[in-house]
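*Asks:* Under numbering that gives the first Met the number 0, the first residue of the sequence shown carries the number 0, and numbering increases by one thereafter.
Virtual Cβ for every residue (Gly too), placed ideally from N, Cα, C.
Small disclaimer: the values here were computed from a predicted structure and weren't measured.
Structure in structure tokens, see below.
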Amino acid sequence: MNISIIGSGYVGLVTGACFAELGNKVICVDNDVKKISCLKKGVVPIYEPGLEELVKLNLKNKRLKFTSSIKAAVMASEVIFIAVGTPTLENGEADLTGIENVARSIAQNMDGYRLIVEKSTAPVETCAWVKKTISIYIKKGRKFDVVSNPEFLREGSAINDFTHPDRIILGVESQKAKQIITSLYQPLNAPILVTNIKSAELIKHASNAFLATKISFINAIARICDKVGADVKDVAQGMGLDNRIGRYFLHAGIGYGGSCFPKDLEAFINIADKLGYDFQILKAVRNTNEEQKKFVLQKIKDELWVIKDKTIAVAGLAFKPNTDDLRNAPSVDLVKALLEEGARVKVFDPKAMGKARGLLKDAIFCNDLYQAARAADCLVVATEWNEFKELDFARLKKMLKRPLVIDARNIYDPKLLKELGFTCIGVGRGNG
Ligand SMILES: NC(=O)c1ccc[n+]([C@@H]2O[C@H](COP(=O)([O-])OP(=O)(O)OC[C@H]3O[C@@H](n4cnc5c(N)ncnc54)[C@H](O)[C@@H]3O)[C@@H](O)[C@H]2O)c1
Numbered sequence: 000m001n002i003s004i005i006g007s008g009y010v011g012l013v014t015g016a017c018f019a020e021l022g023n024k025v026i027c028v029d030n031d032v033k034k035i036s037c038l039k040k041g042v043v044p045i046y047e048p049g050l051e052e053l054v055k056l057n058l059k060n061k062r063l064k065f066t067s068s069i070k071a072a073v074m075a076s077e078v079i080f081i082a083v084g085t086p087t088l089e090n091g092e093a094d095l096t097g098i099e100n101v102a103r104s105i106a107q108n109m110d111g112y113r114l115i116v117e118k119s120t121a122p123v124e125t126c127a128w129v130k131k132t133i134s135i136y137i138k139k140g141r142k143f144d145v146v147s148n149p150e151f152l153r154e155g156s157a158i159n160d161f162t163h164p165d166r167i168i169l170g171v172e173s174q175k176a177k178q179i180i181t182s183l184y185q186p187l188n189a190p191i192l193v194t195n196i197k198s199a200e201l202i203k204h205a206s207n208a209f210l211a212t213k214i215s216f217i218n219a220i221a222r223i224c225d226k227v228g229a230d231v232k233d234v235a236q237g238m239g240l241d242n243r244i245g246r247y248f249l250h251a252g253i254g255y256g257g258s259c260f261p262k263d264l265e266a267f268i269n270i271a272d273k274l275g276y277d278f279q280i281l282k283a284v285r286n287t288n289e290e291q292k293k294f295v296l297q298k299i300k301d302e303l304w305v306i307k308d309k310t311i312a313v314a315g316l317a318f319k320p321n322t323d324d325l326r327n328a329p330s331v332d333l334v335k336a337l338l339e340e341g342a343r344v345k346v347f348d349p350k351a352m353g354k355a356r357g358l359l360k361d362a363i364f365c366n367d368l369y370q371a372a373r374a375a376d377c378l379v380v381a382t383e384w385n386e387f388k389e390l391d392f393a394r395l396k397k398m399l400k401r402p403l404v405i406d407a408r409n410i411y412d413p414k415l416l417k418e419l420g421f422t423c424i425g426v427g428r429g430n431g
């Protein structure tokens, strides 16, 4: 099929490259001209494992193209995906300016039937607005359908998640739309759930809100564990062995972050409010998450007493491993809070240093974790990168002024580190 993807970020680019790999002719569009000129040369401006190789391969075999012209893309495609950002406005509402702009441009450039697939995460009823907008700006006689197709990929494993999804959700209104979109996804051989449009839109918000709830729940349990001397890892394992609960998203730590959970939770609370429902559970989830970041800061203070003029090494800045994405990263909030308290903060992240330089101007950027740890009063692990799990602890001990590790992601066994001469303070490990 000839398809185009409008918005070539984490979601749009992965979607475009994967559909090209499946044999479709794909045009990826973005209004960021610099991004498009990089992508045309096969240079991917974000870090996502395997993505650059896939983009290069499909550019070479001419199944993937890049442009900043929505017009050219709309003219050439039967199916048009919308994958632009939907950031949070100050009042918590989702900013749907990008979706509205794109819907208008699609309408103005359609020369025949088009299937418009809304993939950006947006509040329920967004597709109805897309449909209305297109109807206003479309030339007389042109036909179209709108489909809601929320995306569930995770940064860091986005290609595998796209090609091997647990499920594909399709919110449709017509048989024609259903036939086109299901045949596009058929080669993935994955479970497809077809619903009405509003249900599909709600599935995305409900799923993200539920996952965020699991994280805040286990973080609350971690607080109790610390108070009574229990180990949250054991508690989570014991809970997770129950199939009704499941073992995923039960990792206590510094709280969730990233470009999705905080934003989507906020948007869901906001839309629920507008619909006349006070979504108290989600408000508590959000508050617990905010408290968790402060809790880690308090753990550092409990060990170092005065933060001012202390040197603190922070390992990991990205909101999770295998990505360079810093959007709403709890580690960034932590570094900012430490800087505000007057600490010297030395930071290292395997992939996010470039993006972090603009964001954390007063931090000291180091080439590796050991350099960050040199002469530091403690090391804080803020992102659970695999390479941090297998350290040369003897070397680390020599570097640190004091062998103190605040393990905000629970990647170490505190007992093992104690044997190696460290004090290791985790989250909910019953040791402070
Ligand atoms: N990142 C994730 O892990 C993830 C997962 C599932 C769903 N989502 C959702 O997918 C959507 C996109 O997320 P993302 O992480 O890819 O965002 P992103 O910021 O990485 O990419 C969005 C892209 O859209 C472009 N854009 C914005 N307005 C445009 C316009 N009018 N015309 C053309 N291009 C435009 C931007 O320049 C940017 O390159 C969001 O709604 C997000 O919530 C994201």
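1. Quick check on I424: does DSSP put it in helix, strand or coil?
2. According to DSSP, simplified to helix, strand and coil, what is C37?
3. Return yes when the C-beta of G6 is under 6 Å from any heavy atom of ligand 1, and no when it is not.
4. Identify every residue that forms a DSSP beta bridge with I5.
5. Pick helix, strand or coil for L169, following the three-state DSSP scheme.
6. Are I98 and I81 closer than 7 Å when you measure CB to CB?
7. How big is the Cα-Cα spacing for A490 and L296?
8. Less than 7 Å separating the beta-carbons of G256 and N327?
9. Going by the C-beta, is N1 closer than 6 Å to any heavy atom of ligand 1?
10. Taking all protein chains shown into account, decide if R356 is buried (16 or more other Cβ within 10 angstroms of its Cβ) or exposed.
11. Would you kindly work out how many angstroms separate the C-alpha atoms of T310 and E51, rounded to a whole number?
12. For K396 and L183, what's the separation of their Cα atoms in angstroms?
13. Cα separation between Y432 and I26?
14. Could you give the distance in angstroms between the alpha-carbon of G162 and the alpha-carbon of D323?
15. Determine whether the beta carbon atoms of V101 and I35 lie at a separation below 7 Å.
16. When you compare only the Cα positions, how much space is there between D272 and N90?
17. Among E339, D376, V193, whose alpha-carbon lies nearest the alpha-carbon of S173?
18. Short of 6 Å in beta carbon distance, which residues of its chain neighbour L368, apart from the five on each side in sequence? Order them along the chain.
19. Could you check the C-alpha separation between L135 and A106 for me, to the nearest Å?
*Replies:* Looking at the coordinates:
1. Within the sequence shown, numbered from 1, the residue matching residue 424 stands at position 425. The answer is strand: DSSP assigns I424 an E or B state.
2. The sequence position of residue 37 within the sequence shown is 38, counting from 1. Of the three classes helix, strand and coil, the one that applies to C37 here is helix, per DSSP.
3. In the sequence shown, residue 6 corresponds to position 7, counting from 1. At least one heavy atom of ligand 1 is nearer than 6 Å to the Cβ of G6, so yes.
4. Taking the sequence shown and counting its residues from 1, the one referred to as residue 5 is at position 6. Answer is V28, I81.
5. Here residue 169 is taken as the residue at index 170 of the sequence shown, counted from 1. Of the three classes helix, strand and coil, the one that applies to L169 here is strand, per DSSP.
6. As a first step, residue 98 must be located in the sequence shown, where it is residue number 99. As a first step, residue 81 must be located in the sequence shown, where it is residue number 82. Yes; because the gap between Cβ atoms is below 7 Å, this pair is in contact.
7. Only positions 0 to 431 of the chain appear in the structure, and residue 490 is not among them; the question remains open.
8. The residue labelled residue 256 in the question sits at position 257 within the sequence shown. The residue labelled residue 327 in the question sits at position 328 within the sequence shown. G256 is a Cβ neighbour of N327, given a cutoff of 7 Å.
9. On the sequence shown, position 2 is the one that residue 1 refers to. No, ligand 1 has no heavy atom inside 6 Å of this Cβ.
10. As a working mapping, residue 356 is identified with position 357 in the sequence shown. It counts as exposed.
11. Working through the sequence shown from its first residue, we reach residue 310 at position 311. Working through the sequence shown from its first residue, we reach residue 51 at position 52. Using only the alpha carbons, I get a separation of about 37 Å.
12. Sequence index remark: in the sequence shown, residue 396 carries index 397 (1-based). Sequence index remark: in the sequence shown, residue 183 carries index 184 (1-based). Taking the straight line from one Cα to the other gives about 55 Å.
13. Here the chain comprises residues numbered 0 to 431, so residue 432 is not present and cannot be evaluated.
14. Taking the sequence shown and counting its residues from 1, one reaches residue 162 at position 163. Taking the sequence shown and counting its residues from 1, one reaches residue 323 at position 324. A quick correction: the sequence has Thr, not Gly, at residue 162. Spanning the two alpha carbons is a distance of roughly 21 Å.
15. Within the sequence shown, residue 101 is the residue found at index 102, counting from 1. Within the sequence shown, residue 35 is the residue found at index 36, counting from 1. The answer is no: Cβ separation not under 7 Å.
16. Walking along the sequence shown from the start, residue 272 turns up at place 273. Walking along the sequence shown from the start, residue 90 turns up at place 91. Spanning the two alpha carbons is a distance of roughly 12 Å.
17. The sequence position of residue 173 within the sequence shown is 174, counting from 1. Comparing Cα positions, the closest option is V193.
18. Position 369 of the sequence shown, counted from the start, is the residue given in the question as residue 368. If we look at L368 and ignore the five residues flanking it on each side, its Cβ neighbours are A314, F347.
19. Walking along the sequence shown from the start, residue 135 turns up at place 136. Walking along the sequence shown from the start, residue 106 turns up at place 107. It is Ile, not Leu, that sits at residue 135 in the sequence shown. Inter-residue distance for I135 and A106 is about 8 Å (C-alpha atoms, whole angstroms).
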